[in-house]
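Numbering-wise, numbering that gives the first Met the number 0 puts 30 at position 31 of the sequence shown, and it's gapless, one number per residue.
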Amino acid sequence: MAPTPISTANTIARAMNQLYHTHIVINTSQFYGGEGKLVRMYIVKDSFYYKGQYSDKQIFKSASGVYTVLFMRDLLYAFQGKEPVDSQNDGYERVFAKNNAEAAIDYMKGAYLNAEPEDD
């Protein structure tokens, strides 16, 4: 059975959580859209509770599992220091811009790549 886009996005999130000690989760939310059709929204968050502080920052959302995978790929590439790949997908580019995803990637890099090691 072939993996779904969301299972691929979750695999990238788990890898980033392991490699870079990020706190990425991908949540889903459902609502009824136009024509009464059920829509599933995928929400990528930096979410954690540590020493009495709770953080739950949304960094990307899309109703497309494929766009969610593309964002996770772009986030991983940014952490690896690779140049972003031109997706050649106008829909993804619009959703990326609407989510202000470039700023979200910069936030994540600043929070995790430049972070001081934690005392346990």
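Just so it is clear, CB atoms sit at the ideal spot from N, CA and C, and this is done for glycine as well.
Here residue 45 really is in contact with residue 107; their C-beta atoms are around 6 Å apart, less than 8 Å.
Contact between residue 42 and residue 74 fails: their C-beta atoms lie close to 14 Å from each other, not under 8 Å. Per DSSP, the unbroken alpha helix (DSSP H) holding residue 6 starts and ends at 4-19.
By the neighbour-count definition (other C-beta atoms within 10 Å, threshold 16), residue 6 is an exposed residue. For residue 71, the number of other beta carbons within 10 angstroms of its own is at least 16, and it is reported as buried. Taking C-beta separations shorter than 8 Å and ignoring five residues to either side along the sequence, the partners of residue 30 in its chain run 37, 38 and 40, following chain order.
Judged by DSSP secondary structure, residue 94 falls within the alpha helix (DSSP H) whose first and last residues are 89-97.
Note on residue 69: 16 or more other CB atoms within 10 angstroms of its CB, so buried under the neighbour-count rule. Counting along the chain, residue 68 sits inside the alpha helix (DSSP H) bounded by residues 64-79. Listed as beta-bridge partners of residue 85 by DSSP are no residues whatsoever.
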